[in-house]
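The opening position of the sequence shown corresponds to residue 22 in the working numbering, with each subsequent residue numbered one higher. Glycine is no exception: its CB is placed at the ideal position from the N, C-alpha and C atoms. Below you'll find the structure, written out as structure tokens, and then a few comments.
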Amino acid sequence: MKLAPCAGAAQDANAGVPGGCCAQIRRFAQNPKCLCAVLLSDTAKASGVQPETALTIPKRCNFANRPIGYKCGRK
22 MKLAPCAGAA QDANAGVPGG CCAQIRRFAQ NPKCLCAVLL SDTAKASGVQ PETALTIPKR
82 CNFANRPIGY KCGRK
């Protein structure tokens with residue numbers, strides 16, 4: 022799965038979210054644990070991903086069925 026189209030949106034909350042990013046994130050939207058694992062990975066951190074910002078991408082893509090209030094790393 023390629024999340025490169027999401028790089029700008031994962032670093033800047035004011036950046037637009039490309040359609041290619043939304044298409045990739047849609048695959049993760051129903052599995053918040055998986056999404057968190059990707060966003061908190063060493064690869065994501067090395068790429069400058071801001072987890073708090075990246076977690077807003079499903080909302081910014083206007084997904085109706087998105088995990089609301091989910092906190093990465095918390096039960």
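Measure the beta-carbon distance from residue i to residue j and round it to whole angstroms, keeping in mind my assumption that it falls under 8 Å.
i	j	result
glycine 69	glutamine 45	Not quite, the Cβ-Cβ distance comes to about 18 Å (not below 8 Å), so this is no contact.
threonine 74	alanine 34	5 Å
cysteine 55	phenylalanine 49	6 Å
Identify the continuous alpha helix (DSSP H) that holds residue i and give its terminal residues.
i	result
phenylalanine 84	It is not in any alpha helix (DSSP H) - phenylalanine 84 carries neither H nor E in the DSSP assignment.
threonine 64	63-67
leucine 56	53-60
What does the alpha-carbon distance come out to for the pair residue i and residue j?
i	j	result
cysteine 57	proline 26	17 Å
threonine 6	alanine 65	Outside the displayed range of the chain (22 to 96) lies residue 6, so it cannot be described from this structure.
glycine 52	lysine 80	In the sequence on display, residue 52 carries asparagine and not glycine. Spanning the two alpha carbons is a distance of roughly 15 Å.
glycine 40	proline 72	20 Å
alanine 30	asparagine 86	20 Å
leucine 24	leucine 60	10 Å
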